[in-house]
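Here the protein sequences line up with chains A and B, keeping their order. For the first sequence, counting from 1, position 13 maps to 6 in the working numbering; every step adds exactly one. For the second sequence, counting from 1, position 241 maps to 234 in the working numbering; every step adds exactly one. Every residue gets a Cβ at the ideal spot worked out from N, C-alpha and C, and that includes glycine. What follows is a set of notes on a single structure, which appears directly below.
Number of protein chains: 2
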Amino acid sequence: MDEPVLLTGAAGRVGQAILDGIGDDYDWRLFDREPPTGDTDHEVVVGDVTDEDAVREAVAGAGAVIHLAGDPRPEAPWESVLRNNIDGAQTILDVAVEEDVEKFVFASSNHAVGHYEPERKPDLYREHDDFHLDGTELPRPGNLYGVSKAAGETLGRYYHDEHDLSFVAVRIGNLTVGHPPIDYERGQAMWLSQHDCAHLFDCCLSADYGYEIVFGISDNDRKYYSLERAREVLGYDPQDNSAEWDGDEKVV
Amino acid sequence: MDEPVLLTGAAGRVGQAILDGIGDDYDWRLFDREPPTGDTDHEVVVGDVTDEDAVREAVAGAGAVIHLAGDPRPEAPWESVLRNNIDGAQTILDVAVEEDVEKFVFASSNHAVGHYEPERKPDLYREHDDFHLDGTELPRPGNLYGVSKAAGETLGRYYHDEHDLSFVAVRIGNLTVGHPPIDYERGQAMWLSQHDCAHLFDCCLSADYGYEIVFGISDNDRKYYSLERAREVLGYDPQDNSAEWDGDEKVV
């Protein structure tokens, strides 16, 4: 991609994993509510995702957007996810179309489908269980944060259908630094390693697609999310698997 | 149902069709932003659906809610559907759970799935075509109003899963007074007669269900929405069919 890639919510955990892994591979423009705390070689725009003027300044000239900004708390109150996540997504999608952005990568969440779990757990977190979600199911959010992420996916569907914007929603699992979650089967089922995270978003910037919903997890034995669309459409080739770890030690 | 039924947006076209058809069959409480223009035998609460206190007053003691209130314009701007339709739906769903409402009937719309049409029209409006939507597909809104209706369906999914509220989304087609739309194949495909409208909402108040998405249309030969769930789960038995009309004249 020749044009800059706008990374919103750049200071968050996912943004840092992306910059750590593929920070040298694109011409980044970082957007966050606060200036970066450390030095950065990248262009920076400071602003709030609900401020249309700031968003327009950030989007102008970008070839792609990775939209991570928003309230990331699963327990966030409705007023916050309504404003920051739902309204924020609509603001930047609308500007992206006006500014002729080619690809829009949306940070969705496992919480958009969290309510498939209660009646099936803990079995669905275990390798023997064959229940899978593949992204074609209707959302069943586990919380209002998950509702807001599902709404963002639907907004993306509209902007794709109406304006031909390439849109991929990545339902991010449990991203950690270092080892997978310990003594937490759900987290091991949806673990996303730092390496696989950066690689997946790299795929989202380089592949060709129309509208996709994919799951952002490593190739965990325990997984109940299908990686088929991510592999087939995006070329995602995850290298990590929570089953290769015993606690904080890699054993395979 | 022994408790009152709250009807929000009672003054609108759907509300009037419901009251005309089954106005004597329930103990209604009407909620709208303006007092009724004519006489009414029903209890009235005046308020806005985004005003939580007004909503609480309206919901208190109701056994069921039919939620029609919101901006009904397919071309409504984002800020209006965000506030009136999305935030409004969350406000009343949240209050409904707190107030132990048993059933929540949500006026969704054909516009939640409007973007399935462009690549298939006009064939999908014709009897020979066998393309059907059955409500299990991911939404493809035709406009931001449709996005807001899809978001309401997802909010209902959350409140059902989390709080066991019985929720049915009725994707209302093209409701008319009298004859079906003339020279408008799409409108004939998704026509909803006054009679069938009132009967369908009657079914939504009397049937037992968990979470459902159904299509609110008559039994039109031209239909591309499945009526299977409405028939099976709700006992919907539509009596009208746009094919029985020639212009404004019933010929069958």
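- Message: Below 8 Å on the Cβ atoms is my contact criterion, and I expect E92 (chain B) with S159 (chain B) to pass it. Report the Cβ-Cβ distance as a whole number of Å.
- Response: Actually they do not touch by this definition, with Cβ atoms about 14 Å apart.
- Query: Just how far apart, CA to CA, sit F97 (chain B) and G180 (chain B)?
  - Reply: Rounded to whole angstroms, F97 (chain B) to G180 (chain B) spans 27 Å at the Cα level.
- Query: Which first and last residues belong to the beta strand (DSSP E) in which D25 (chain B) is found?
  - Reply: Residues W21 to D25.
- From the DSSP output, read off the bridge partner residues of D189 (chain A). Answer is none; D189 (chain A) lacks a bridge partner.
- Message: So if DSSP puts V39 (chain A) in a beta bridge, which residue, or which two residues, is it bridged to?
- Response: In DSSP, V39 (chain A) forms a bridge with A:D25.
- Output the boundary residues of the beta strand (DSSP E) element that contains Y177 (chain A). Element bounds for Y177 (chain A): n/a, residue is neither H nor E.
- Task: Can you give me the Cβ contacts of V15 (chain A) inside the same chain, cut-off strictly under 6 Å, excluding the 5 residues immediately before and after it?
- Result: Here residue 15 (chain A) turns out to be Ile, not Val, going by the sequence shown. Exclusion of the five residues before and after I15 (chain A) leaves A191 and D195 as the residues of its chain whose Cβ lies within less than 6 Å of its Cβ.
- Task: Quick one: grab the DSSP three-state call for E155 (chain B).
- Result: It is helical.
- Rounded to whole angstroms, how far is the Cβ of D68 (chain B) from the Cβ of N136 (chain B), which I believe are closer than 8 Å? At residue 68 (chain B) the sequence reads Glu, which differs from the Asp that was named. About 7 Å; that satisfies the 8 Å criterion.
- Item | Continuous beta strand (DSSP E) stretch holding I79 (chain B): start and end | Run containing I79 (chain B): none; DSSP gives neither H nor E here.
- Anything in chain B within Cβ reach of A69 (chain A), meaning under 8 Å, just list it in chain order. Neighbours of A69 (chain A) across chain B, judged by C-beta separation under 8 Å, do not exist; the nearest C-beta is about 13 Å away.
- Determine the direct distance from the alpha carbon of K216 (chain A) to that of M183 (chain A), and round the result to whole angstroms. Roughly 6 Å separates the two Cα atoms.
- Three-state secondary structure assigned by DSSP to F194 (chain B): DSSP places F194 (chain B) in helix when its eight states are reduced to three.
- Message: Using a Cβ-Cβ cutoff of less than 6 Å, which residues in the same chain neighbour D25 (chain B) once the five nearest sequence positions on both sides are dropped?
- Response: Only A3 and A4 meet the Cβ criterion.
- Message: Please report the straight-line C-alpha distance between V226 (chain A) and V7 (chain A), rounded to a whole angstrom.
- Response: Those two C-alpha atoms are separated by around 22 Å.
- What span of residues does the alpha helix (DSSP H) with E205 (chain A) cover, start to end? Judged by DSSP secondary structure, E205 (chain A) falls outside any alpha helix (DSSP H) and instead within the beta strand (DSSP E) spanning Y204 to G209.
- Taking Cβ-Cβ distances below 9 Å as the criterion, which residues of the segment 168 to 185 of chain B are in contact with chain A? Sequence-ordered contacts of the segment 168 to 185 of chain B with chain A are nonexistent [C-beta pairs closer than 9 Å].
- Query: Counting along the chain, where does the beta strand (DSSP E) carrying L(-1) (chain B) start and finish?
  - Reply: L(-1) (chain B) -> beta strand (DSSP E) spans V(-2) to T1.
- Which same chain residues, not among the five before or five after D(-5) (chain A), have their C-beta less than 7 Å away from its C-beta? Excluding positions up to five away in sequence, the list reads G56.
- Message: For W108 (chain B) and Y151 (chain A), what's the separation of their Cα atoms in angstroms?
- Response: Before going on, a small fix: residue 108 (chain B) reads as His here, not Trp. The alpha-carbon atoms of H108 (chain B) and Y151 (chain A) are separated by roughly 8 Å.
- Cα-Cα separation between R43 (chain A) and P70 (chain B), rounded to whole angstroms: The amino acid occupying residue 43 (chain A) in the given sequence is Thr; Arg does not appear at that position. The alpha-carbon atoms of T43 (chain A) and P70 (chain B) are separated by roughly 16 Å.
- Contact with chain B by I206 (chain A), beta-carbon distance below 9 Å: At least one CB atom of chain B sits nearer than 9 Å to the CB of I206 (chain A).
- Message: Which residues does DSSP list as the beta-bridge partners of W238 (chain B)?
- Response: In DSSP, W238 (chain B) forms a bridge with B:K243.
- Distance between beta carbons of E205 (chain A) and V161 (chain A), contact taken as under 8 Å: So it is a contact: roughly 4 Å between Cβ atoms.
- Would you verify that the beta carbon of R49 (chain B) is, or is not, closer than 9 Å to some beta carbon of chain A? It does not; no Cβ of chain A falls within 9 Å.
- Using DSSP bridges, identify the partner residues of S141 (chain B). DSSP lists no partner for S141 (chain B).
- When you compare each of B:L220, B:R22, B:T147 and B:D214 to E36 (chain B) by their alpha carbons, which one comes out closest? When only C-alpha atoms are compared, the closest one is B:R22.
- CA nearest to the CA of I38 (chain B), picked from B:R66, B:D13 and B:L(-1): Here residue 38 (chain B) turns out to be Val, not Ile, going by the sequence shown. Residue B:L(-1) is the option with its Cα nearest to V38 (chain B).
- Can you give me the start and stop residues for the beta strand (DSSP E) that V58 (chain B) sits inside? Its beta strand (DSSP E) spans residues A57 to H60.
- Kindly list, in the order they appear in chain B, the residues whose Cβ is closer than 7 Å to that of Q83 (chain A). Going along chain B in sequence order, the residues near Q83 (chain A) (Cβ under 7 Å) are W71.
- Name the residue from B:A10, B:D18 and B:P231 whose alpha carbon lies nearest to the alpha carbon of P(-3) (chain B). It is B:D18.
- Message: Tell me which residues of the segment 147 to 171 of chain A have at least one Cβ-Cβ distance to chain B shorter than 8 Å, keeping chain order.
- Response: So the close ones are T147, L148, R150, Y151, D154 and E155.
- Which two residues bound the contiguous beta strand (DSSP E) that contains V98 (chain A)? K96 to S102 is the span of the beta strand (DSSP E), which, as asked, contains V98 (chain A).
- Message: What residue range does the alpha helix (DSSP H) around V106 (chain A) cover?
- Response: Run containing V106 (chain A): none; DSSP gives neither H nor E here.
- Task: Would you kindly report the start and end of the unbroken alpha helix (DSSP H) that includes R47 (chain A)?
- Result: Rather than Arg, the amino acid found at residue 47 (chain A) in this sequence is Ala. Segment E45 to V52, the alpha helix (DSSP H) holding A47 (chain A).
- Query: Which residue comes first and which comes last in the alpha helix (DSSP H) that contains Q9 (chain B)?
  - Reply: Counting along the chain, the unbroken alpha helix (DSSP H) around Q9 (chain B) starts and ends at R6 to I15.
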